[in-house]
Amino acid sequence: MFRDRFDAGRRLGKRLLSLQSSDVVVLGLPWGGVPVAFEVATVLGAPLDAVVVRKLGVSFQPELAMGAIGEDGAQVLNLEVLALIGVDQSQFAAIARRERAELERRESRYRNGRPPISLDGRTAVVVDDGIATGSTARVACQVAWARGAARVVLAVPVASPSTVAELTRDVDELVCLKTPDRFFAVGEWYWDFSPTTDKEVVALLGKAADGITQTSANRRPGSPAIFRRLS
3 MFRDRFDAGR RLGKRLLSLQ SSDVVVLGLP WGGVPVAFEV ATVLGAPLDA
53 VVVRKLGVSF QPELAMGAIG EDGAQVLNLE VLALIGVDQS QFAAIARRER
103 AELERRESRY RNGRPPISLD GRTAVVVDDG IATGSTARVA CQVAWARGAA
153 RVVLAVPVAS PSTVAELTRD VDELVCLKTP DRFFAVGEWY WDFSPTTDKE
203 VVALLGKAAD GITQTSANRR PGSPAIFRRL S
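In the working numbering, the protein residues as written are 3 to 233.
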């Protein structure tokens, strides 16, 4: 169990210390991924940015994702869900337009006028608070590639073992502290899984941009699973 997202980020950061010698940029997925990423960036002494993505939810069941979109036109589709619900092209386009507008609004608010941190030729560490289905994590990694990253590392505190196995094909390296066999939801692995707000995301990104970091005391060693892409 993790105490909260900051505890998870400190523990995850410690397991990523081998990246300190690399030219690293840490990318947090709003909302919950940003507190974790803030601590990872603190431990690594690396810059922090957001990678904004939006889930494309089914209109009659918003939690069911038929895909996800990200910055720079990145898009991932869940073909099984699309075939199951029978959404036509015009319906899909309307949902995608709405979510794209919201994505752009959040991107502007989170960066508060700051340009995106350049990823050209650098190692991008994409961080979330956990992974269930993997659609948003996958599109976030696509955004990192599109922005010029030379290497993409996906790092999370906890994830479904089956999803981890699938995502290893999309990244150079995947670091996950816990891959429990009995995985039902990300939140069950946190004592405090309170929702992260837009205001908190803006504040953490602002602190990172200003060079203000939290102390990384009370770190406890984890036992991460590390998966490398073989290609």
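Ideal placement from N, C-alpha and C gives every residue a C-beta, glycine not left out.
Just so you know, these numbers come straight off a predicted model, no measurement behind them.
Neighbourhood of residue i by C-beta distance below 7 Å, restricted to the same chain and skipping five residues each side
i: V204; result: R111, Y112, N114
i: T138; result: L31, V55, K57, A70
i: G136; result: T165, E168, L169
i: L50; result: V28, G30, A39, F40, A43, L207, A210
Paired residues, beta bridge with residue i - DSSP
i: D6; result: None, per the DSSP bridge assignment.
i: G30; result: A52, V129
i: L79; result: G69
i: Y192; result: F4
i: K16; result: BP columns for K16 are empty, so no partner.
i: G59; result: A67
Euclidean distance between Cα positions of residue i and residue j
i: P117; j: R102; result: 19 Å
i: P32; j: T170; result: 22 Å
i: G30; j: W193; result: 21 Å
i: V127; j: G213; result: 18 Å
i: E104; j: G75; result: 14 Å
i: R99; j: A70; result: 12 Å
i: G15; j: F4; result: 14 Å
i: F185; j: D131; result: 14 Å
i: T199; j: V42; result: 19 Å
i: Q144; j: A211; result: 24 Å
i: L81; j: A67; result: 10 Å
i: V26; j: V36; result: 16 Å
i: A197; j: P182; result: The sequence shown places Pro at residue 197, rather than the Ala named in the question. Using only the alpha carbons, I get a separation of about 23 Å.
i: L18; j: A148; result: 23 Å
i: S120; j: L84; result: 34 Å
i: V60; j: R107; result: 21 Å
i: S24; j: V129; result: 17 Å
i: K201; j: L21; result: 30 Å
i: G123; j: F8; result: 28 Å
Endpoints, alpha helix (DSSP H) assigned at residue i
i: D200; result: 200 to 211
i: P163; result: 163 to 169
i: V45; result: 35 to 46
i: L179; result: From DSSP, L179 is part of no alpha helix (DSSP H) but of the beta strand (DSSP E) over 175 to 180.
i: Q93; result: 91 to 113
i: S137; result: 137 to 148
is_contact[residue i, chain C] using C-beta, thresh 8 Å
i: D212; result: Within the model displayed, chain C is absent; a lone protein chain is all it includes.
Limits of the unbroken beta strand (DSSP E) element including residue i
i: A157; result: 153 to 160
6 Å CB neighbourhood of residue i in its chain, flanking five on each side removed
i: R153; result: T125, D174
i: I133; result: A139, V158, A161, T165
i: V141; result: V55, A70, G72, A76, V78
Residues of its chain near residue i, where Cβ-Cβ distance is below 8 Å and the 5 sequence neighbours each way are ignored
i: E109; result: A52, V54, E73
i: P163; result: T181, P182, D183, F185
Item to check | Contact the stretch 81 to 95 vs the stretch 141 to 159: 3+ CB pairs below 8 Å | outcome: no
Item to check | Sufficient close CB pairs (3 or more, under 8 Å) joining the stretch 94 to 105 to the stretch 180 to 190 | outcome: no
Next on the checklist: With three or more C-beta pairs closer than 8 Å as the rule, is the stretch 34 to 54 touching the stretch 165 to 181?
Outcome noted: no
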